[in-house]
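Student:
Residue numbers (the working numbering): -17 to 295.
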C-alpha cells in the first residue's frame, strides 16, 4: 500500500509571532522541502487576527523557485475577499505554478478574535459561511465561462471575462476545512477535498464517512501539528512554547480541537499512520519548532520514510 502524500506548512505566522518579517527564509524552506521529498508546500491566511505574510504572494514566490511540489493554501478565508478579485489572483497563481495549485478554503473558526478580523474589513461575521459557499460557486463560474454572471445574497455581477484562466479546465481543486455535520455536508456538496484537523483519528474516520458522500471525488486530507524530539518530555515543552505563542492560549485548550502530537520520530509516524488508516490521503504538517530548516531535515529523515513508504531517508 502506498502511503499518503505529505506536505509542509510554511511558518508565516510563526515568523511574525517572533517579530521576524524577513521572507527570504520562507522561500528557501519551500525549496528545501521539495529537495527533501515533500509532496506539497502550504501557506496559511490571517491578515488581522494572527498577522502574517499574504499566502498568495508567498506561494507565487515559491512557485517561481520550485518545479515539482503542489502549492496550497491552508486555509484561505475566502469570505474576506470579493470573488472576482479572488478568482483572478488564484488563476494567476495557478498559471505561475503551472497547474500545481490547491485552494484550501475555510469560513473562519467561531472565535471573538476571528470575528474582529471580519469586522475590521467590513464583512459581517455572521454571514461568513454563506459568503464562502457563494464565493466557491462564483470563482468556478469565472474560471470556466467566457462571460460569467452570478447573482446571490452577497455578490452580483454580469458577463465578467476573467484573464488569465487557470491551467486546468474548471480551475484548481478547492478543498474545504471544517468539522461537524453542516461543514461536512458542505464538503460533500461543493469540495474537491477535505482539510480538517480533528484531534483524534476516530473522529476523523467518523467525519470522513459523512464528507465522502459526494457526487464528485473528494480527497481526504489532514492538517496536523507536530513536534519531533527523541526526548518526549522536551518535545512536549517545545510544542507548548510554540502553540501558546501562536494562539495566546493554553496548549491543553488548543489540543482539544486540533490534531497535535509531540514525541519521537517513530511515535510521530505511528500517530500519523492512524489518520492514514482512517482515510487521510494527504497530510499537511505544521512543525511546532523554532529552527524549521533543521526540523524539516529531521522530519524528512526520521518520519517521512515511516509514513510514506519509498520516501527518501
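Glycine included, every Cβ here is placed at the ideal spot set by N, Cα and C.
Per DSSP, which residues does residue 264 bridge with? Please list them.
Tutor: Residue 264 is bridged to -13 and 203.
Student: Identify, in the order they occur along the chain, each residue of the same chain with its Cβ nearer than 6 Å to the Cβ of residue 116, setting aside the five sequence neighbours on each side.
Tutor: Taken in chain order, the residues that qualify are 134, 136 and 137.
Student: Relative to the alpha-carbon of residue 194, which residue among 40, 124, 175 and 211 has its alpha-carbon at the smallest distance?
Tutor: The candidate whose alpha carbon is nearest that of residue 194 is 175.
Student: Who pairs with residue 161 in a beta bridge, going by DSSP?
Tutor: Residue 161 pairs with nothing; no bridge assigned.
Student: Out of 35, 78, 69 and 20, which has the shortest C-alpha to C-alpha gap to residue 45?
Tutor: Looking at the Cα atoms, 78 is the closest of the given residues.
Student: Would you call residue 49 buried or exposed, if buried means 16 or more other Cβ atoms sit within 10 Å of its Cβ?
Tutor: Exposed, since its Cβ has fewer than 16 Cβ neighbours within 10 Å.
Student: How is the alpha helix (DSSP H) around residue 114 delimited, first residue to last?
Tutor: Unbroken alpha helix (DSSP H) run through residue 114: 110 to 126.
Student: What residue ranges within the region 179 to 254 form continuous beta strand (DSSP E) runs of no fewer than 3 residues, ordered along the chain?
Tutor: Segments of the beta strand (DSSP E) lying fully in the region 179 to 254: 201 to 210 and 242 to 245.
Student: Check whether the Cβ atoms of residue 150 and residue 81 lie closer than 8 Å to each other.
Tutor: Yes, they are a contact pair.
Student: Give me the Cα-Cα distance between residue 83 and residue 207, rounded to the nearest whole angstrom.
Tutor: Rounded to the nearest angstrom, the two C-alpha atoms are 22 Å apart.
Student: Sort out for me which residues DSSP pairs residue 52 with in a bridge.
Tutor: In the DSSP output, where bridge partners are listed per residue, residue 52 has 22.
Student: What's the call for residue 39, buried or exposed, on a 16-neighbour Cβ count within 10 Å?
Tutor: The residue is exposed, with fewer than 16 neighbouring Cβ atoms inside 10 Å.
Student: Restricting to Cα atoms, I'd like to know which of 213, 289 and 224 is closest to residue 255.
Tutor: Minimum Cα distance to residue 255 is reached at 289.
Student: Looking at the unbroken alpha helix (DSSP H) that takes in residue 85, where does it start and where does it end?
Tutor: Looking at the DSSP string, residue 85 is not in any alpha helix (DSSP H); the run it does join, the beta strand (DSSP E), is 83 to 88.
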